[in-house]
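Asker: Handing you this structure, nothing more for now.
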Amino acid sequence: MVQDYLVDSFGRRISYLRISLTDRCNLRCCYCVPPGGFPLTCRTKILTYEEILRLAECFVDLGIDKIRLTGGEPLVRQNLPYLVKGISEFPEIKDLSLSTNGVFLAREAQALFQAGLKRINISLDTFDPAKFKWITGLDKHEAVLTGIEKAIRVGFRPIKINVVMMKGMNDDEIESFVAFAMERPVEIRFIELMPTRNCFDPGKRYFVSNDWVKGEVLRWTDLAPEPSRTGDVAEVYGLPNGIGRIAFISSISHSFCSECNRIRLRVDGTLKLCLHGEETFDLRTPLREGRSKAELTRLIREAVQLKPQGHRFTGSVADEAVVYMCQVGG
Ligand code: SAM
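This is how it looks when you write it as structure tokens:
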């Protein structure tokens with residue numbers, strides 16, 4: 002039962018937790034994984050599913066009602082349906098979702114759905130297999146498309162397709178993404194490219210603002226605004242002549258820090274208070290010391306007070322405290 006909601010020092014109610022299950026990934030997306038790789042978290046520091054469930058119980062007690070499982074690539078972790086089932090059994094969780102690159106989705110979709118996962122986000126930046134290989138480093142385009150079709154058949158709703166738009170790379174494919182959403186029950190989410198520590202785009206050569214993307218979308222379809230969903234930072238539109246939706250996530254051009262309701266649990270049990278901020282809090286140590294649920298919830302409450310007022314995307318990307326996106330899960 003919820004004791005007292007989690008509120009940070011700026012009065013924002015925190016209700017959304019993203020849990021990174023692994024920092025390993027079977028793709029090497031140029032904007033996410035640094036070219037030379039990065040030191041992976043050693044196995045002994047990775048939270049077990051039981052540890053994640055124990056922390057999840059504390060977060061739920063503090064009013065967290067939305068959880069996203071992410072990575073790295075969460076589907077490279079064994080026996081994921083076990084964790085999904087455990088989390089979906091908390092009656093307080095209204096919204097459980099998963100972010101995946103879709104490569105293993107065709108194989109896992111049915112078991113995840115049966116375990117209680119009802120909605121899913123899949124990353125797909127292009128319909129061109131050669132560009133897919135350039136962006137992700139691997140030849141897995143077909144596998145992702147098969148994964149998306151399987152997710153539709155299995156019954157996940159909504160299915161959101163994350164598209165990171167890059168100038169000169171996939172900005173000529175907007176019509177194809179609109180057509181994809183016209184014909185399928187999917188929400189295409191155009192995400193602005195964020196600077197990361199490895200900084201794939203130091204000169205902002207590839208950055209495209211969502212204002213431009215929206216203008217291009219409007220060349221191919223009308224957009225019918227949908228009411229904003231609580232805690233969702235996306236601007237969502239229905240398609241008057243299609244079955245899917247189009248959404249825009251404009252973290253760079255339109256900051257939504259004042260409404261931020263999310264915190265992130267990294268694979269090693271570190272709580273990260275802002276995607277692009279240095280504020281973190283170690284929960285693994287007290288968890289493994291066997292601290293009580295009351296103590297853990299008190300520590301989480303204390304940690305949340307460290308959440309900064311706003312992100313530092315516009316600051317120096319050389320900031321050593323900023324980890325790679327694959328380590329935090331986006
Ligand atoms: N492997 C999973 C996947 O591909 O969705 C989950 C992890 S991935 C880090 C989560 C999301 O972050 C993906 O949709 C990815 O496109 C997005 N992402 C990673 N780096 C990004 C960046 N620099 N700018 C914008 N989005 C980014």
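Each residue of the sequence shown is one higher than the one before, counting from 2 in our numbering. In this text, a Cβ means the ideal position worked out from N, Cα and C, and glycines have one as well. A quick note: this is a predicted structure, and the numbers were derived from the prediction, not measured.
1) On the three-state DSSP scale, how would you describe ASN211?
2) Could you check the C-alpha separation between THR101 and VAL305 for me, to the nearest Å?
3) Alpha carbon to alpha carbon, how far is TRP221 from MET170?
4) With three or more beta-carbon pairs closer than 8 Å as the criterion, would you say the region 26 to 43 touches the region 79 to 93?
5) Can you give the Cα-Cα distance for VAL61 and GLU52, rounded to whole angstroms?
6) Would you kindly work out how many angstroms separate the C-alpha atoms of TRP213 and LEU224, rounded to a whole number?
7) Can you tell which of GLY156, GLY148 and PHE208 has the C-alpha that lies nearest to the C-alpha of SER252?
8) Look up LYS141 in the DSSP assignment and say whether it is helix, strand or coil.
9) State the Cα-Cα distance for the pair VAL165 and ILE250, rounded to the nearest angstrom.
10) Determine the extent of the alpha helix (DSSP H) in which ASP62 is found, giving its start and end residues.
11) Quick one: Cα of CYS275 to Cα of ALA110, how far?
12) Helix, strand or coil: how does DSSP classify GLU260 here?
13) Taking contact to mean at least 3 C-beta pairs separated by less than 8 Å, is the region 81 to 99 in contact with the region 40 to 49?
14) Are ILE121 and LYS168 touching if we call contact CB-CB under 9 Å?
15) Comparing alpha-carbon positions, which option in PHE39, ILE15 and ARG19 lies nearest CYS26?
16) Run through DSSP, which three-state label would GLY239 get?
17) Using a threshold of 9 Å, state whether the C-beta atoms of ARG190 and ALA112 are closer than that.
18) Measuring from the CB of ILE123, is there a heavy atom of the ligand SAM at a distance below 8 Å?
19) Any C-beta of chain D sitting closer than 9 Å to the C-beta of PHE282?
20) Under the DSSP definition of a beta bridge, which residues are partnered with PRO226?
21) Spatial neighbours of PRO159 within its chain, please: C-beta separation below 6 Å, excluding the five flanking residues on both sides.
22) Roughly how many angstroms separate the alpha carbons of ARG246 and PRO287, rounded to a whole number?
23) With ILE15 and ILE192 assumed to form a contact (beta carbons below 8 Å), what rounded beta-carbon distance in angstroms separates them?
24) Would you mind reading off the limits of the alpha helix (DSSP H) that contains LEU194?
25) Beta-carbon separation of PRO75 and THR137 under 9 Å?
26) Relative to the C-alpha of ASP172, which residue among GLY216, ALA235, LEU146 and THR197 is closest?
27) For ASN262 and MET326, I'd like the C-alpha separation in whole angstroms.
28) Let me check one thing: in DSSP terms, what residues is PHE282 bridge-paired to?
29) Does any heavy atom of the ligand SAM sit closer than 8 Å to the C-beta of TYR32?
30) Can you give the Cα-Cα distance for PRO226 and PRO241, rounded to whole angstroms?
31) From LEU54 to ILE68, what does the alpha carbon distance come to, in whole angstroms?
32) If I follow the unbroken beta strand (DSSP E) through ARG19, where does it start and stop?
33) Mapping the DSSP letters down to three states, classify ALA319 as helix, strand or coil.
Answerer: So, from the listed chains and residues:
1) Reduced to three states, the DSSP call for ASN211 is helix.
2) Roughly 27 Å separates the two Cα atoms.
3) Straight-line spacing of the CA atoms in TRP221 and MET170 works out to 19 Å.
4) The region 26 to 43, when compared against the region 79 to 93, does not touch it at the 8 Å Cβ threshold.
5) For VAL61 and GLU52, the distance between alpha carbons rounds to 14 Å.
6) CA-to-CA, the gap between TRP213 and LEU224 works out to about 15 Å.
7) Nearest of GLY156, GLY148 and PHE208 to SER252, Cα basis: PHE208.
8) Reduced to three states, the DSSP call for LYS141 is coil.
9) One C-alpha to the other measures close to 10 Å.
10) Note, ASP62: alpha helix (DSSP H), 50 to 62.
11) Approximately 30 Å, taken between the alpha carbons.
12) Looking at GLU260 - three-state DSSP - the assignment turns out to be helix.
13) Counting C-beta pairs closer than 8 Å gives fewer than three between the region 81 to 99 and the region 40 to 49, which falls short of the contact rule.
14) The Cβ-Cβ distance between ILE121 and LYS168 does not fall below 9 Å.
15) Nearest option by C-alpha distance: PHE39.
16) Reduced to three states, the DSSP call for GLY239 is strand.
17) For ARG190 and ALA112, no; Cβs fall outside 9 Å.
18) Under cutoff, so the answer is yes.
19) Considering every chain present, this structure includes no chain D. It has just one protein chain.
20) Its beta-bridge partners are TYR238.
21) Closer than 6 Å at the Cβ level, and outside the excluded window around PRO159, lie ARG120 and GLU188.
22) One C-alpha to the other measures close to 43 Å.
23) Incorrect: roughly 22 Å between the Cβ atoms, too far for contact.
24) Careful: LEU194 lies outside any alpha helix (DSSP H) and carries neither H nor E.
25) Note that the C-beta distance between PRO75 and THR137 is not below 9 Å.
26) If we check each option's Cα against that of ASP172, GLY216 comes out closest.
27) Those two C-alpha atoms are separated by around 19 Å.
28) When DSSP reads this structure, PHE282 sits in a beta bridge with LEU272.
29) TYR32 Cβ: within cutoff of the ligand SAM.
30) Each residue's Cα considered, the two are about 10 Å apart.
31) One C-alpha to the other measures close to 12 Å.
32) For ARG19, the enclosing beta strand (DSSP E) begins and ends at 17 to 21.
33) With a pLDDT of only 41 at ALA319, under 50, the local geometry of the prediction cannot be trusted, and the value read off the model is given with reservation. Shown here, ALA319 sits in coil according to DSSP, grouped into three states, outside any helix or strand.
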